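**Student:** If you're matching positions, the sequence shown starts at -13 in my numbering and goes up one per residue. Can you keep this structure in mind? I'll have questions shortly.
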Amino acid sequence: MADDADRPATERPGTPWWVKLIGVAILAVLILAAIIILVGGGQHGPGLHDPSGAQMRPSEAAADAAPPGWIA
């Protein structure tokens, strides 16, 4: 109790260790995500999932999307 009397009433206790640990972990994940986005971009876009990488004409895309036996 003698230690409490020496401390001013306006002084706050320090940040708990678990709050600091969570903050460091979140910061590390954000930095890692930024590095992955900047370095490992790769090829992205609408043609990524096409077998040939070429875009189809709208009429071909509609014909391919119709179920068998469907009159297009």
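Note that the Cβ used here is the ideal one computed from N, Cα and C, for glycine as well. In this text, all values refer to a predicted model and were calculated from it rather than measured experimentally.
Could you give the first and the last residue of the continuous alpha helix (DSSP H) run that contains G0?
**Tutor:** The residue you call residue 0 lines up with position 14 of the sequence shown. For G0, there is no enclosing alpha helix (DSSP H), as DSSP gives it neither H nor E.
**Student:** Rounded to whole angstroms, what is the Cα-Cα separation between L60 and A19?
**Tutor:** Outside the modelled stretch of the chain, which goes from -13 to 58, sits residue 60, for which no answer is possible.
**Student:** Quick check: the Cα distance between T(-4) and I17, rounded to an integer number of angstroms?
**Tutor:** To locate residue -4, count along the sequence shown from 1; it is residue 10. To locate residue 17, count along the sequence shown from 1; it is residue 31. Roughly 36 Å between the two C-alpha positions.
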